[in-house]
Amino acid sequence: MTVTAVPATPPVLEEAKSLPRERSSRRRWRPSRVAVNVVLGAIALFWLVPTLSMMIISFRPAGLFEVSGWWKVFSAPSQLTLQNYKELFTGGSSTSLGGGVPSGLAPGGVLDALRTSLEISIPATIFVTAIACLTAYSIVFGRWRGRNAVFLTIVGLMVVPLQVALIPVASLYKDMGSAFGWNPFGTITGVVIFHVAFGLPFGVFLMRNFFTGIPTALIEAGRIDGAGEWTLFRRVVIPLGVAACASLAIFQFIWVWNDLLVALVFLGGDPHVPLTLFLYDQERTLAANFWIISTGSMVSIVVPLIVFLAFQRHFVRGMLAGAVK
Amino acid sequence: MAVVAVEQQLGPPRRRVRREGQHHLQSLAFLVPGAVLLLAIVIWPAIATIRYSFYNGTATKAVGFSNYKSLFSTADTLIAFRNNVIWVLVFPFIVTVFGLVFAVLSEHIRWSTAFKTIIFLPIVFSVTASSLVFTQIFQLDPHVGVLNALVQTVDDYFHPPGAYPLSSGQTAASLATSGVVAGPHGTLESSTAVRAGSTVRIGLTGVNPDTLTVLGARQARLPAPSPGAVTGLVWRDFSASNPSNISGVLPGEDGFPNLHLALLASDGSIITTTTTDAFGRFVFPHVGTGPFRVQIEASNFTPSFSGTFWLGPQSLTPTSNLSQTAQALLSVPLIDISEILAYLWIWAGFTMVVVAAGLAALDREALEAAHVDGATEWQTFRRITIPMLAPVLTVVFVTMVINVLKIFDIVVNLGVDTSQPGGQSSTLASDVYYLGFGGGVHTGLASALAVILFILVVPAMLFNLKRISGK
Chain C
1 MTVTAVPATP PVLEEAKSLP RERSSRRRWR PSRVAVNVVL GAIALFWLVP
51 TLSMMIISFR PAGLFEVSGW WKVFSAPSQL TLQNYKELFT GGSSTSLGGG
101 VPSGLAPGGV LDALRTSLEI SIPATIFVTA IACLTAYSIV FGRWRGRNAV
151 FLTIVGLMVV PLQVALIPVA SLYKDMGSAF GWNPFGTITG VVIFHVAFGL
201 PFGVFLMRNF FTGIPTALIE AGRIDGAGEW TLFRRVVIPL GVAACASLAI
251 FQFIWVWNDL LVALVFLGGD PHVPLTLFLY DQERTLAANF WIISTGSMVS
301 IVVPLIVFLA FQRHFVRGML AGAVK
Chain A
1001 MAVVAVEQQL GPPRRRVRRE GQHHLQSLAF LVPGAVLLLA IVIWPAIATI
1051 RYSFYNGTAT KAVGFSNYKS LFSTADTLIA FRNNVIWVLV FPFIVTVFGL
1101 VFAVLSEHIR WSTAFKTIIF LPIVFSVTAS SLVFTQIFQL DPHVGVLNAL
1151 VQTVDDYFHP PGAYPLSSGQ TAASLATSGV VAGPHGTLES STAVRAGSTV
1201 RIGLTGVNPD TLTVLGARQA RLPAPSPGAV TGLVWRDFSA SNPSNISGVL
1251 PGEDGFPNLH LALLASDGSI ITTTTTDAFG RFVFPHVGTG PFRVQIEASN
1301 FTPSFSGTFW LGPQSLTPTS NLSQTAQALL SVPLIDISEI LAYLWIWAGF
1351 TMVVVAAGLA ALDREALEAA HVDGATEWQT FRRITIPMLA PVLTVVFVTM
1401 VINVLKIFDI VVNLGVDTSQ PGGQSSTLAS DVYYLGFGGG VHTGLASALA
1451 VILFILVVPA MLFNLKRISG K
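Quick note, the sequences are listed as chains C and A, same order.
The numbers in my numbering rise by one with no breaks, and the one at position 143 of the first sequence is 143.
Take the position in the second sequence, starting the count at 1, then add 1000; the result is the number in my numbering.
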């Protein structure tokens, strides 16, 4: 909608009649514009409440949780304290707050969980992006038969619920243990492999959509000049596709970071657990430990929040590619 | 490079063919890591799961279709089906509507980027963390859960609690200690008939001393009898230093201030009303001869709203003459509603952003033409925007259907005690997990459920394939 400036002096009636409808309708809609602002403002506030409450609970003394609501902090800002974070990072095993956790970096501590989350998410992101790029390159620029069929199969795999693979993969991992002496079950590697495989269909789909925009003539010219496929991939396609790779990587990173189910199945009994599993376990202990959960939740959202705010556009683009392209 | 070019111009055609073959091989080699992973971790396991679904709980003996039969005949899995149906019927629709409304409205404000960021942010958090926030929001105690605190504020406005709210399970009759008995409908009445000029003593216990302190109670004091009037005292008939003395007004025993009383005629009709003072005293002046009874009104004891347990076992159950199974299958647990609300908070940003992208790509000329022709905002929205957005809305809707068919994280995190197989809020995906890995393992049943989950996703898969291959 193009917005034309309203002249400072009101036009005479005849002029007003001959003006485009746009201008008069704009004036007519003023009151509703105020209403829209008010309604959306209320919705935005409402949407902030859960995040705000988690934040405030994590900064309030643990003992106050059962006594008074977090919103009481607005009349008593002096309640805010870093105590919960201090206990969680350094010596949560002290029972002064009720419901202890191992101190920060020990297995089961929150910093250990943070590290485990990184150890899972970073390799999973790198491998998905790299392998998806290779696969998509082969599908778009390769000259073998059945490329379209392979692509459509991969599109079909995009919606396969990962539940259908959990049980066989778990036993496959264990079989690998007895056959080769290397059992990925219960290890970070096992989780990463699973995430990479289930991240691939979307990754290939996204990268393929981008690569089809690269003129085939560019590749053909390179081939005629004698460049190998690897060189073309490295020197031509990837430099052009950096933005798309970034979208995929950001999307994948946040996806894996926030996963619970895969970690739950493949790392269930492991002392090193990612943050989601840490929170899941904490919720299932009986102690009065809401301070751990809220503070741990805050720790768990810091990394994806930074990644999102830094690469907002890439993340949204990756999501849109999956939905509308 | 020049040399290569010359070679290609001059070289025999055979050599060229070999080159092409090399390209074929190389680009096929690029396919290997992805193909191996997809075959080993996605495709083969999916087939293996189908096979497991015809085997027994430990995958040692083929059992035919018996796993499937028991899935459709046991109450536990039927509840999971019911919940999945609720999710699929309710969630994709409302989240799409929310996304559409947010996207359209945010076009009319200057701060739309900020608005969209706020709505979108929850997607970035893990569902686990978000669920835990909502666990706290839905807490029963209005001092802890913000939702019940809000409801309490509203409820107390319309149904003001009495000065002496009963705690849960407590009755007014349990307060009666001396000179008083239970009356009808939660009231208390003086145990003996009174006449003008006499003084009534009503002793109560079971009220928190803090309640009295807050109301400004003072040491109980008997009023002087007054001719032509009924006077009296209501006080806390309990002294820690002399607990056995009942009905005596002792030092340290406070009056009950601000208590609403009525004077009843012998037929039970109300003659007049009054209120006690800080010492617990009251006077009904200028009454007839009597006999009367003094009534403590039920409104004094109206409890405050104590919260709805959103995360508990309550449900909206049809009350008609249905069998128990039918009632269980048709009821909607409150926990499902809480989970859907929380999930809406998480996903509305996604649908909003996708719809907004669709809006941005719309043909603006059609919209402007409608405006020029004098269409109202609503007509334009209803007749032009929505039809033009239909493809995007469909995609969003289908994406959300797939999403909630597999609903897991929020179910196990918000409904900690209700997500086990047979639990009020269990779903197919949560059952797959519990039956496959979470104790009471039955590989066959878990696999059969996973297969059903897969079959349910197939229409969405075909939709995607048709859409993408059509381009």
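Ideal Cβ positions, reconstructed from N, Cα and C, are used throughout, including at glycine.
Since this is a predicted model, take the numbers as computed values, not measurements.
Do you know how far the Cα of E66/C is from the Cα of T1171/A? 26 Å
Roughly how many angstroms separate the alpha carbons of I1414/A and G1422/A, rounded to a whole number? Strictly speaking, residue 1414/A in this sequence is Leu, with Ile absent from that position. Each residue's Cα considered, the two are about 16 Å apart.
Alpha carbon to alpha carbon, what distance is there between I167/C and R1051/A? 11 Å
Quick check on V1458/A: buried or exposed, where buried means 16 or more other Cβ atoms within 10 Å of its Cβ? exposed
G1439/A versus A1356/A - alpha carbon distance: 45 Å
Three or more C-beta pairs closer than 8 Å, one from the segment 1237–1252 of chain A and one from the segment 1266–1273 of chain A: is that the case here? no
Here's a check: name, in chain order, each residue in its chain whose Cβ is nearer than 7 Å to the Cβ of V191/C, leaving out the five neighbours to either side. I120, V262, A263, F266 and L267
Span separating the alpha-carbon of L1222/A from that of Q1314/A: 48 Å
Interfacial residues, the segment 1410–1426 of chain A to chain C, with Cβ spacing under 9 Å: V1412, N1413 and V1416
Considering Cα atoms alone, identify which of F205/C, A136/C and I122/C is closest to F233/C. A136/C
Does any CB atom of chain C fall closer than 8 Å to the CB of K1406/A? yes
Indicate the three-state DSSP secondary structure (helix, strand or coil) for D1254/A in the structure shown. strand
Give, in chain order, every residue of the segment 1150–1178 of chain A whose Cβ lies closer than 9 Å to some Cβ of chain C. none
DSSP beta-bridge partners for L1188/A? A1182/A and I1296/A
Taking 8 Å as the CB-CB cut-off, is E220/C touching chain A? no
What span of residues does the alpha helix (DSSP H) with G199/C cover, start to end? I188 to F211
Distance, W291/C Cα to P50/C Cα: 15 Å
Are the CB atoms of G296/C and L275/C within a distance shorter than 8 Å? yes
Quick check on the burial criterion: 16 or more other C-beta atoms within 10 angstroms. Buried or exposed for D112/C? buried
Taking only beta-carbon positions, decide if S1338/A is within less than 8 Å of chain C. no
In terms of residue numbering, what span does the beta strand (DSSP E) encompassing H1260/A cover? H1260 to L1264
Coil, strand or helix - P1219/A by DSSP: Per the sequence presented here, residue 1219/A reads as Gln, with Pro not at that position. Note: Q1219/A maps to strand in three-state DSSP.
Between the beta-carbon of T116/C and the beta-carbon of V273/C, is there less than 8 Å? yes
Using the DSSP secondary-structure output, state which residues sit across from I1270/A in a beta bridge. L1264/A
Contacts that I1468/A makes with chain C (C-beta to C-beta distance below 7 Å): V155
Does the beta carbon of P271/C come closer than 8 Å to any beta carbon on chain A? no
Cβ atoms of G1280/A and G1252/A: under 8 Å apart, would you say? no
Could you tell me which chain A residues have their CB closer than 9 Å to the CB of W379/C, listed as they occur along the chain? Nothing about residue 379/C can be read from this structure; chain C reaches only from 1 to 325.
By the three-class DSSP mapping on this structure, what secondary structure does Y1434/A have? helix
Figure out for me which residue from Y1343/A, L1025/A, L1038/A and Y1433/A has the closest Cα to the Cα of G203/C. L1038/A
Enclosing beta strand (DSSP E) for R1236/A [first to last residue]: V1230 to R1236
Is the beta carbon of L1263/A closer than 8 Å to that of A1163/A? no
Just by C-beta distance, which residues in the segment 248–271 of chain C are closer than 9 Å to chain D? In the structure shown, chain D does not exist; the protein chains are C and A.
At the level of alpha carbons, what is the spacing between V1088/A and V1398/A? 10 Å
Less than 8 Å between CB atoms is the rule here; does M1461/A satisfy it with respect to chain C? yes
Under 9 Å, CB to CB, which of the residues in the segment 1059–1091 of chain A have a partner in chain C? A1059
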